Every structure is written in C-alpha cells, then in structure tokens.
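Here is the structure we will look at, set down as structure tokens.
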C-alpha cells in the first residue's frame, strides 16, 4: 500500500494503526490520526541493515525498529 491509496484506505477505516509488510522496507509514517508501520524484513536475502522487526507500543504510541541480528 503506497502513496494515495494507503492514505485513503487508512483514513476511511478510522484505524489507529495499519501494519503491512509486503515491500520489506521499514516504514513508520503518520497519515492523519493513523500510524502506518512496515516492520521491514528478516530473511537473509536482504542486506543486514535492512533485516528488522518493529515493536509497536500502543500505550506510549511509539514504534521502535530492531535489528534481527541483535
């Protein structure tokens, strides 16, 4: 979900968070009142600095990315 289509679908659902992972590129953006999160990738065919997971804390409304190699 990229660009205008992602913004339209997240704003129309009233969601607080939209998590997706198809593109394997980490992302944390705000679209209106919705946080859009892509955790990245964990498989060995991507460069080591792109092998990440996301930790979403709904109480503090924060997102942290961590390397899967830690």
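In the working numbering, the protein residues as written are 42 to 111. C-beta atoms are modelled at their ideal positions from N, C-alpha and C, and glycine is treated no differently. Model, not experiment: these values are computed from the prediction.
Margin query: Can you tell me whether residue 69 is helix, strand or coil according to DSSP?
Written below: Numbered from 1 along the chain shown, position 28 holds the residue referred to as residue 69. Strand, per DSSP.
Next item on the list: Using the Cα positions of residue 88 and residue 72, report the straight-line distance between them to the nearest angstrom.
Entry: For the purposes of this step, residue 88 is taken as residue 47 along the chain shown, with counting starting at 1. For the purposes of this step, residue 72 is taken as residue 31 along the chain shown, with counting starting at 1. Whole-angstrom Cα-Cα distance: 28 angstroms.
Check: Relative to the C-alpha of residue 102, which residue among 61, 70, 62, 64 is closest?
Finding: On the chain shown, position 61 is the one that residue 102 refers to. Of the listed residues, the one whose Cα sits closest to residue 102 is 70.
Next item on the list: Output yes or no for whether 9 angstroms exceeds the beta carbon distance between residue 80 and residue 67.
Entry: If you number the chain shown from 1, residue 80 lands on position 39. If you number the chain shown from 1, residue 67 lands on position 26. Cβ distance < 9 angstroms, so residue 80 and residue 67 count as in contact.
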